[in-house]
Amino acid sequence: MSDELVFYTNPMSRGRIARWMLEEVGQPYRTEILDFGTSMKSADYLALNPMGKVPAIAHRGVVVTEGGAVCAYLADAFPQAGLAPPAGSPQRGLYYRWMFFAAGPVEAAVTNKALNIEIPDERKRMVGYGCYADVIDALDYAVSQNEFIAGDRFSAADVYFGSQVGWGLMFKTIEPRPALAAYWQRIAGRPAAIRAREIDDKLVAEAKQAQAPQ
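When we follow UniProt numbering, the leftmost residue of the sequence shown carries the number 1, and every step to the right adds one.
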């Protein structure tokens with residue numbers, strides 16, 4: 001069983017969230033860049049992730065997919081980074097609550113917002129996130145309770161939840177409320193976040209340069 005940590009991603013994908021988490025953890029990892037529609041759908045990669053999407057990581061014989069799961073796994077696999085509250089603590093409850101909220105209701109609501117899909121009033125009860133307005137109110141509430149999502153310390157939940165907020169503010173799929181903007185400002189300047197952006201932005205620039213007419 002190899003201890004090598006392998007990261008499957010594309011710099012123009014949700015893999016950027018996992019990259020940030022990997023930089024926060026501070027452990028060595030090898031990156032495999034996959035292309036949409038080609039290597040991401042290859043037989044070799046589909047054997048790892050049948051969805052044919054990124055991010056994914058392979059570590060100690062286990063493949064972990066889904067951005068929130070990758071963040072949670074890495075926090076537990078490398079506890080020395082201090083990116084998860086202690087098991088059984090009240091903060092651990094907040095950590096799980098908002099991590100799963102970002103992966104479920106937030107992801108669904110902002111995707112539908114981007115696609116101009118509105119839930120009819122009579123159907124809100126059958127939709128997990130209810131309605132977009134309720135999700136934004138909950139986001140606003142979450143970032144207004146403490147400095148960070150799980151209390152007074154930054155955690156893996158901030159990487160995942162915060163990335164959803166940051167992207168939503170950038171692409172205007174999340175209402176730019178003052179509390180949300182302030183929360184994003186608190187976490188976006190972390191050294192690991194900056195390193196991750198620089199790595200992926202460089203990869204994007206290199207890909208564009210390679211595709212440019214010579």
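Just so you know, even glycine gets a beta-carbon here, dropped at the ideal spot from N, CA and C.
Using the three-state DSSP reduction, which class does residue 97 fall into: helix, strand or coil? To locate residue 97, count along the sequence shown from 1; it is residue 97. DSSP places residue 97 in helix when its eight states are reduced to three.
Margin query: I'd like to check one pair, residue 31 with residue 9: are the Cβ atoms closer than 8 Å?
Written below: The residue given as residue 9 occupies position 9 in the sequence shown. The residue given as residue 31 occupies position 31 in the sequence shown. Yes, these two residues count as a Cβ contact at 8 Å.
Close beta carbons around residue 46, own chain, < 8 Å, minus the five adjacent residues each side
Reading the sequence shown from its first residue, position 46 is the one you call residue 46. These residues qualify, in order along the chain: 52.
Note to self: I need the straight-line Cα distance from residue 42 to residue 54, nearest angstrom please.
What the structure shows: Mapped onto the sequence shown, residue 42 falls at position 42. Mapped onto the sequence shown, residue 54 falls at position 54. Rounded to the nearest angstrom, the two C-alpha atoms are 13 Å apart.
Could you tell me whether the Cβ atoms of residue 83 and residue 150 are closer together than 8 Å?
Taking the first residue of the sequence shown as 1, we reach residue 83 at position 83. Taking the first residue of the sequence shown as 1, we reach residue 150 at position 150. No. Outside cutoff.
Requested in this report: Determine the DSSP secondary structure at residue 58, reduced to helix, strand or coil.
Outcome: Working through the sequence shown from its first residue, we reach residue 58 at position 58. Strand.
Option in 170, 158, 206 with minimal Cα separation from residue 190: Numbered from its first residue, the sequence shown carries residue 190 at position 190. Checking every option, the nearest Cα to that of residue 190 belongs to 158.
message: Here's a check: name, in chain order, each residue in its chain whose Cβ is nearer than 7 Å to the Cβ of residue 146, leaving out the five neighbours to either side.
response: Along the sequence shown, one-based indexing puts residue 146 at 146. Closer than 7 Å at the Cβ level, and outside the excluded window around residue 146, lie 152.
Does the Cβ of residue 22 have 16 or more other Cβ atoms within 10 Å, making it buried, or fewer, making it exposed? Numbered from 1 along the sequence shown, position 22 holds the residue referred to as residue 22. When all chains shown are included, residue 22 counts as buried.
- Given a threshold of 16 other Cβ atoms within 10 Å of its Cβ, counted over all protein chains shown, does residue 5 qualify as buried or as exposed? Locating residue 5 in the sequence shown gives position 5, where the first residue counts as 1. Residue 5 is buried by the Cβ-count criterion.
### Task
Return the chain-ordered list of same chain residues with a C-beta closer than 6 Å to the C-beta of residue 102, the five sequence neighbours on each side being excluded.
One-based indexing of the sequence shown puts residue 102 at position 102. Excluding sequence neighbours, residue 102 sits near 160, 161, 164.
- Query: Per DSSP, what kind of secondary structure is residue 7 in: helix, strand or coil?
  - Reply: Translated into positions along the sequence shown, residue 7 becomes position 7. Looking at residue 7 - three-state DSSP - the assignment turns out to be strand.
- Task: Have a look at residue 38 and residue 3 and give me their C-alpha separation to the nearest angstrom.
- Result: The residue labelled residue 38 in the question sits at position 38 within the sequence shown. The residue labelled residue 3 in the question sits at position 3 within the sequence shown. Roughly 28 Å between the two C-alpha positions.
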